[in-house]
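> Sharing a structure with you now.
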């Protein structure tokens, strides 16, 4: 059947069967709109599309109507396909239709699947390759919004070679000017472990934008690079050749917390490889000292990184040979923000539990013993047990350990905990027994 293409900008193209419906969309629910949309062969008018977009703006974008029970998805795809055949098509006409695709796909994965099955991906390729600058940007926005899970990517990959086209297009458009969405899309593909050979092109593109892109492009590329080497271990060697360690160090002092997190993620991945020997520990420690602050969310990320680093591999304890870093950790274990005190206390306990006299002495010299004692609390049994284990180890491994004598409340705190039924009470009992034996001797 031959479709009828409306003249552009014509208000007379509102579907005649639904003229009254179109005039009352402000009071119509999204369910009613999708359920009552007619099976008609005309192109949906721009006025009708704009009113659909308006419904999705003023109402929660959710529906009980499944895509197979509404004619609207099919009609929308058909309309865009026909409009793209018009040589006089311009941005102002096409953009509302792309926005409608974005809103429709956001309803659920099933709507995204339906649009993919109906051929939206090929239409996106046409739009992105066109000279319609704003429509092209909106198409990238919609693609970015649609890629929300591995399921969607798998469905895309099963239906076309769209992702291969997309990666080629990203190489052309990524990071140019202020247009960074292609990079963000590539980052998502890396995050969701897309099963395409994208590592080489992705790594190069991320590195290029980190070096020469604008601030937004650098932030997006940082996140993408972290996803890439986390999910594709085979990409690490290429990333090393492209200065990923220097990039990661630079990320640590960025203003954007996501960029800082990306730097820490990259270094954590590298710490589990033979390339860790290329990391300058003094530079790493100086960067960490700069970002650990008493009330900062970035501090939480940095402290979690340190904790993961030493728990993953004991050889990374050498970061505690940096006196400035040890001082910062001990200082903030006595700070005001509980989550930071908690993390610092865990790090101190981990350091004290390892059999390294030099590191242990450095922490004890910075009053860490008194700080961790103050964190023993029956309401936080897991942390308290960890503190008690570290203290017991000090008594067992350091002959005539007397560090506790500088803490006037020590015996009372341990005694109170030993009389509770909290996890670790038996450790407290053993510590009291050791103290008692030492006193009697």
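Residue numbers (the numbering used here): 1019 to 1459.
We put the beta carbon where it would ideally sit given N, CA and C, even for glycine.
For clarity, every value in this text was computed on a predicted model and none was experimentally measured.
Compute the beta-carbon to beta-carbon distance between residue 1305 and residue 1267, rounded to the nearest angstrom, for a pair I have assumed lies under 8 Å.
Counting from one through the chain shown, the residue named residue 1305 turns up at place 287. Counting from one through the chain shown, the residue named residue 1267 turns up at place 249. The pair is a contact, with the Cβ atoms about 6 Å apart (cut-off 8 Å).
> If you reduce the DSSP assignment to three classes, tell me which class residue 1252 lands in.
One-based indexing of the chain shown puts residue 1252 at position 234. DSSP places residue 1252 in helix when its eight states are reduced to three.
> Run through the segment 1341-1374 for me and flag every whole alpha helix (DSSP H) of 4 or more residues, listed as ranges in chain order.
Correct list: 1341-1350 and 1356-1371.
> Unbroken beta strand (DSSP E) runs of length 3 or more, entirely within the segment 1395-1454: which are they?
The qualifying runs do not exist here; there are none.
> Which value, in whole angstroms, describes the spacing of the CA atoms of residue 1361 and residue 1067?
Numbered from its first residue, the chain shown carries residue 1361 at position 343. Numbered from its first residue, the chain shown carries residue 1067 at position 49. Each residue's Cα considered, the two are about 52 Å apart.
> So, is the C-beta of residue 1069 closer than 8 Å to a C-beta in chain B?
No chain B appears in this structure, which consists of one protein chain only.
> Suppose contacts are defined by Cβ-Cβ distances below 8 Å. Is residue 1161 in contact with residue 1203 by that definition?
Here residue 1161 corresponds to residue number 143 of the chain shown, with the count starting at 1. Here residue 1203 corresponds to residue number 185 of the chain shown, with the count starting at 1. Taking 8 Å as the Cβ cut-off, residue 1161 and residue 1203 qualify as a contacting pair.
> In terms of residues, what are the limits of the alpha helix (DSSP H) holding residue 1146?
Mapped onto the chain shown, residue 1146 falls at position 128. Per DSSP, residue 1146 belongs to the alpha helix (DSSP H) from 1138-1146.
> In terms of alpha-carbon separation, which member of 1221, 1364, 1238 and 1283 lies closest to residue 1258?
The residue given as residue 1258 occupies position 240 in the chain shown. Minimum Cα distance to residue 1258 is reached at 1221.
> Assuming residue 1105 is part of the alpha helix (DSSP H), what are its boundary residues?
As a first step, residue 1105 must be located in the chain shown, where it is residue number 87. Where residue 1105 is concerned, there is no enclosing alpha helix (DSSP H), given that its DSSP letter is neither H nor E.
> Does residue 1060 come out as helix, strand or coil in the three-state DSSP assignment?
What you label residue 1060 is simply residue 42 of the chain shown in a count that begins at 1. Here residue 1060 sits in strand by DSSP.
> So, with DSSP's three-state summary, where would you put residue 1080?
For the purposes of this step, residue 1080 is identified with residue 62 of the chain shown, where counting begins at 1. Residue 1080: coil per DSSP, three-state reduction.
> Whole angstroms is fine: what's the gap from residue 1056's alpha carbon to residue 1135's?
Taking the chain shown and counting its residues from 1, one reaches residue 1056 at position 38. Taking the chain shown and counting its residues from 1, one reaches residue 1135 at position 117. About 20 Å.
> Output needed for residue 1152: all residues of its chain with C-beta closer than 7 Å, excluding positions within five of it in sequence on either side, in chain order.
In the chain shown, the residue the question calls residue 1152 occupies position 134. For residue 1152, where only same-chain residues beyond five positions count, the Cβ hits under 7 Å are 1109 and 1113.
> Where do the ends of the alpha helix (DSSP H) carrying residue 1287 lie?
The residue you call residue 1287 lines up with position 269 of the chain shown. It spans 1275-1288 - the alpha helix (DSSP H) in which residue 1287 sits, taken as one unbroken run.
> Among 1397, 1335, 1354 and 1396, which has the Cα closest to the Cα of residue 1367?
As a first step, residue 1367 must be located in the chain shown, where it is residue number 349. Comparing Cα-Cα distances from residue 1367 to each of 1397, 1335, 1354 and 1396, the minimum goes to 1335.
> In angstroms with no decimal places, state the Cα-to-Cα distance between residue 1277 and residue 1260.
As a first step, residue 1277 is located in the chain shown; it is residue number 259 there, counting from the start. As a first step, residue 1260 is located in the chain shown; it is residue number 242 there, counting from the start. If you take the alpha carbons of residue 1277 and residue 1260, they lie about 18 Å apart.
> As a quick exercise: from 1359, 1270 and 1329, pick the residue whose alpha carbon is nearest that of residue 1316.
Start at 1 with the first residue of the chain shown, and residue 1316 comes out as number 298. Of 1359, 1270 and 1329, the residue nearest in Cα terms is 1270.
> Taking the continuous alpha helix (DSSP H) assigned at residue 1160, which residues delimit it?
Counting from 1 along the chain shown, the entry for residue 1160 is found at position 142. Unbroken alpha helix (DSSP H) run through residue 1160: 1151-1164.
> Could you spell out the range, first to last residue, of the alpha helix (DSSP H) harbouring residue 1262?
As a position in the chain shown, residue 1262 is number 244, starting the count at 1. Note, residue 1262: alpha helix (DSSP H), 1262-1269.
> Going along the chain, which residues of its own chain have a beta-carbon closer than 6 Å to the beta-carbon of residue 1369, five neighbours each way excluded?
Translated into positions along the chain shown, residue 1369 becomes position 351. Excluding positions up to five away in sequence, the list reads 1338, 1377 and 1381.
> Alpha carbons only, please: which of 1379, 1251, 1049 and 1105 is nearest the one belonging to residue 1125?
Here residue 1125 refers to the residue found at position 107 when the chain shown is read from its first residue. Ranking the options by Cα distance to residue 1125, first place goes to 1049.
> Hey, could you find the ends of the alpha helix (DSSP H) residue 1307 is sitting in?
Position 289 of the chain shown, counting from 1, holds the residue named residue 1307. Taken as a continuous stretch (DSSP letters only), the alpha helix (DSSP H) holding residue 1307 covers 1299-1309.
> Report yes or no: do three or more beta-carbon pairs, one from the segment 1082-1096 and one from the segment 1127-1147, lie closer than 8 Å?
These segments touch.
> In the structure shown, what three-state DSSP assignment does residue 1314 receive?
Counted from its first residue, the chain shown places residue 1314 at position 296. Note: residue 1314 maps to coil in three-state DSSP.
> Are residue 1199 and residue 1158 closer than 8 Å when you measure CB to CB?
Along the chain shown, one-based indexing puts residue 1199 at 181. Along the chain shown, one-based indexing puts residue 1158 at 140. In this structure, residue 1158 lies closer than 8 Å to residue 1199 by Cβ.
> Under a Cβ-count criterion, where at least 16 other Cβ atoms within 10 Å of its own Cβ denotes burial, should residue 1218 be classed as buried or exposed?
Position 200 of the chain shown, counted from the first residue, corresponds to residue 1218. Exposed.
> Any idea if residue 1356 is buried or exposed, counting beta-carbon neighbours within 10 angstroms, 16 or more meaning buried?
The residue given as residue 1356 occupies position 338 in the chain shown. The residue in question, residue 1356, is exposed, as its Cβ has fewer than 16 Cβ neighbours within 10 Å.
> Have a look at residue 1179 and residue 1298 and give me their C-alpha separation to the nearest angstrom.
Taking the chain shown and counting its residues from 1, one reaches residue 1179 at position 161. Taking the chain shown and counting its residues from 1, one reaches residue 1298 at position 280. Taking the straight line joining both Cα atoms gives about 43 Å.
> With burial defined as no fewer than 16 other Cβ atoms inside 10 Å of the residue's Cβ, what is the status of residue 1205: buried or exposed?
Residue numbering aside, residue 1205 sits at position 187 when the chain shown is read from its first letter. Classification of residue 1205: buried, given that the 10 Å Cβ count is 16 or more.
> Could you compute how far the alpha carbon of residue 1111 sits from the alpha carbon of residue 1053?
One-based indexing of the chain shown puts residue 1111 at position 93. One-based indexing of the chain shown puts residue 1053 at position 35. Spanning the two alpha carbons is a distance of roughly 26 Å.
> Does the Cβ of residue 1225 have 16 or more other Cβ atoms within 10 Å, making it buried, or fewer, making it exposed?
Working through the chain shown from its first residue, we reach residue 1225 at position 207. Residue 1225 comes out buried.
> Can you give the Cα-Cα distance for residue 1441 and residue 1451, rounded to whole angstroms?
Your numbering for residue 1441 matches position 423 in the chain shown. Your numbering for residue 1451 matches position 433 in the chain shown. Rounded to the nearest angstrom, the two C-alpha atoms are 18 Å apart.
> Within the same chain, show all residues whose beta-carbon is closer than 7 Å to that of residue 1279, passing over the 5 residues directly before and after it, in chain order.
As a working mapping, residue 1279 is identified with position 261 in the chain shown. Once the five neighbours on either side are set aside, the close Cβ partners of residue 1279 are 1319.
> Distance, Cα to Cα, residue 1408 vs residue 1432?
The residue given as residue 1408 occupies position 390 in the chain shown. The residue given as residue 1432 occupies position 414 in the chain shown. Roughly 13 Å separates the two Cα atoms.
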